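Engineer: Got a structure for you, written out below as structure tokens; questions coming shortly.
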Amino acid sequence: MAVLAEQDSGSAARILAAARQLVLKREGKGLTIAEIAESAHVAKGTVHPHWSTREDLLVGLFARNFLAVPDDFIEMITASPDDSRPSRSRSSARLGSVCW
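Residues in the sequence shown are numbered consecutively from 1, following UniProt numbering.
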């Protein structure tokens, strides 16, 4: 499993959280590293060891959410394996005909 920057650093987690809020608020238009750092209450230089560019930071933000999907799915299956069986699925008949 990939190790994300925010798993190793509290400041990286704050930076990503601030970036997320700003992206949602402004759709990323005109967003700068300085603005993200200010919103995260860290120095601009704190951002660069984790992400060298604004684009890298935004890719990191989207990757974090993308990589969480399989983890959530695995957690759901582990918590209730019987519920994840195809026979329990509402679409099991349709899946069965496609797969078999």
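Idealized CB from N, CA, C, for every residue including glycine.
As the structure is a prediction and not an experimental result, all values here were calculated from the model.
#1: Measuring CA to CA, which of Gly10, Asp71 and Ala19 is closest to Glu27?
#2: Roughly how many whole angstroms lie between the Cα atoms of Leu79 and Ala68?
#3: In angstroms, rounded to a whole number, what distance separates the CA positions of Lys29 and Ala63?
#4: Where in the UniProt domain "HTH tetR-type" (9 to 69) do unbroken runs of the alpha helix (DSSP H), each at least 4 residues long, occur, reported from the N-terminal end onward?
#5: Exposed or buried, what is Val59 when buried is set at 16 or more other beta-carbons lying within 10 Å of its beta-carbon?
#6: Tell me the rounded alpha-carbon separation between Ala13 and Met76.
#7: For Ala34, count neighbouring Cβ atoms within 10 angstroms of its own Cβ and tell me buried if that reaches 16, exposed if not.
Structural biologist: Taking the definition as stated:
#1: Ala19
#2: Residue identity check: residue 79 is Ala in the sequence provided, not Leu. Each residue's alpha carbon lies about 16 Å from the other.
#3: Rounded to whole angstroms, the separation of the alpha carbons of Ala63 and Lys29 is 19 Å.
#4: 10 to 26, 33 to 40 and 44 to 47
#5: exposed
#6: 24 Å
#7: Residue environment analysis places Ala34 among the exposed positions, since fewer than 16 neighbouring C-beta atoms fall within 10 angstroms of its C-beta.
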